[in-house]
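Residue numbers (the numbering used here): 992 to 1428.
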């Protein structure tokens, strides 16, 4: 077990528990006490099994309901081939702190006994085949910090009472079939850091109160059917101070919102002007909506911005010159809008740009200066009024795939996701007495 491997707990995280007492010896080794097996930890004073941590071990079979007799504190078996349903008895272990069944083959529903897990800190059931609704008893997880349910087949509405779940910082239910709207009561969530609801079937508007969640760092509401306008407060990145321990105080990731993903909805209205320099924001993804008006000059205030996706909306007017001065911006997607004028001369020194999409706009002029930039990929149409000798023509059928920014976005989002998630996990660990790598 390599403590440095991403998504692995280190043995010294388990206070009062000794892992692999005389080993590691192979799991289920005959003639050895179970406390000597690989991935098994026991209470130092009693020799009772307290932890099973066997990630990526090709484990098969089902989880027996008799597991409750072990009274585990740690049950950490992600990325295995465990099948069947989650026995309700798992949540009746009174000392259970970590339950991680991520990326297994679990089926069935989430047991209603989930509300009995009063000591649970970390719950990860993502990337399985779970169905049905999230039990209403989940709102009794008062001490749980992390709930990961993404990539299942869950339905129904979100049952959480945010004001009661004082410890909750991370909630991700992305890529399910959750319905309903985002409740205005979300403003009562005390210390959110990560809120993921992308890829569901949510309707209604984004409540203005979500802008009051000043500790929020990751917000993904993309790929739903949301309507209405975007709360202006979401574009102000200076957030509330969140103490994630010594490891994170130097990370400007945690100075405000880092990821804002509202793409592929039916959002309307204009983008607000935001005064002053904005630090920390890495991705603003607003593509495939019904947004109108001009792109505000204040979009050039996001000094740490790496990707801005405004494509496939109804923006008009000119491109703000400030965007060309952003030294971190490597992807700017503006295609399929009614933009006019010419590309600002500020882009002549934008050597960091890897991708700029201008096709299906009303832009004019010579942009051959882009050809002098290092290694960028610039997209126009042959029938556009933009002159560019090195640009990829999106009018040609054989270029259709690379002219679709959406085909590159999921990879890009995944890259930043891992970056932000990896840092956040370490920070969460320092708060909860765990060493996470």
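Note that CB positions come from ideal geometry on N, CA and C, so glycine has one too. Only a predicted model underlies this, so the values are computations on that prediction, with no experimental measurement involved.
- Per DSSP, residue 1123 is one residue of the beta strand (DSSP E) stretching across 1122-1124.
- Residue 1159 is positioned such that its CB atom lies no closer than 9 angstroms to that of residue 1172.
- 9 angstroms or more divides the Cβ of residue 1105 from the Cβ of residue 1133.
- Here residue 1223 has 1263 as same chain residues with Cβ atoms under 6 angstroms from its own Cβ, once five neighbours each way along the sequence are excluded.
- In this structure, the CA atom of residue 1073 is about 5 angstroms from the CA atom of residue 1052.
- Taking each of 1351, 1290 and 1371 in turn and checking the Cα distance to residue 1359, the smallest one comes out for 1371.
- Looking at the backbone, the Cα of residue 1045 and that of residue 1056 are separated by about 18 angstroms.
- Nearest to residue 1300 by C-alpha distance, out of 1289, 1307 and 1280, is 1280.
- Between residue 1070 and residue 1089, the C-beta gap is not smaller than 9 angstroms, which leaves the two residues out of contact.
- One alpha carbon belongs to residue 1039, the other to residue 1085, and they sit about 15 angstroms apart.
- When only Cα atoms are considered, residue 1185 and residue 1357 end up about 43 angstroms apart.
- Within the model, the alpha-carbon separation for residue 1146 versus residue 1101 is close to 11 angstroms.
- For residue 1269, the number of other beta carbons within 10 angstroms of its own is at least 16, and it is reported as buried.
- Spatial neighbours of residue 1152 in its own chain (CB-CB distance under 6 angstroms, excluding positions within 5 residues in sequence) are listed in chain order as 1130.
- Taking residue 1016 as the centre and dropping the five residues before and after it, the same chain places the C-beta of 1023, 1027, 1028 and 1029 closer than 8 angstroms to its C-beta, in chain order.
- Going by DSSP, residue 1274 is part of the beta strand (DSSP E) stretching over 1274-1276.
- Counting along the chain, residue 1186 sits inside the beta strand (DSSP E) bounded by residues 1185-1187.
- With a 10 Å radius around the Cβ and a threshold of 16 neighbouring Cβ atoms, residue 1156 comes out buried.
- For residue 1033, the enclosing beta strand (DSSP E) begins and ends at 1031-1034.
- Across the set 1128, 1094, 1168 and 1078, the C-alpha of 1168 shows the shortest separation from the C-alpha of residue 1122.
- Counting C-beta atoms within 10 angstroms of its own C-beta, residue 1336 has fewer than 16 neighbours from the protein chains shown and is therefore classed as exposed.
- It is roughly 13 angstroms from the alpha-carbon of residue 1128 to the alpha-carbon of residue 1135.
- Shown here for residue 1381: same chain residues with a beta carbon closer than 6 angstroms to its own, the five before and five after excluded, namely 1362 in chain order.
- Contact between residue 1195 and residue 1166 does not hold, since the beta-carbon distance rounds to 19 angstroms and is not under 8 angstroms.
- Sequence-distant partners of residue 1368 (beyond 5 residues in either direction) whose C-beta falls short of 7 angstroms from its own C-beta, in its chain, are 1345, 1346 and 1383.
- The region 1296-1321 is shown to contain whole beta strand (DSSP E) runs of 3 or more residues at 1298-1300 and 1305-1308, in chain order.
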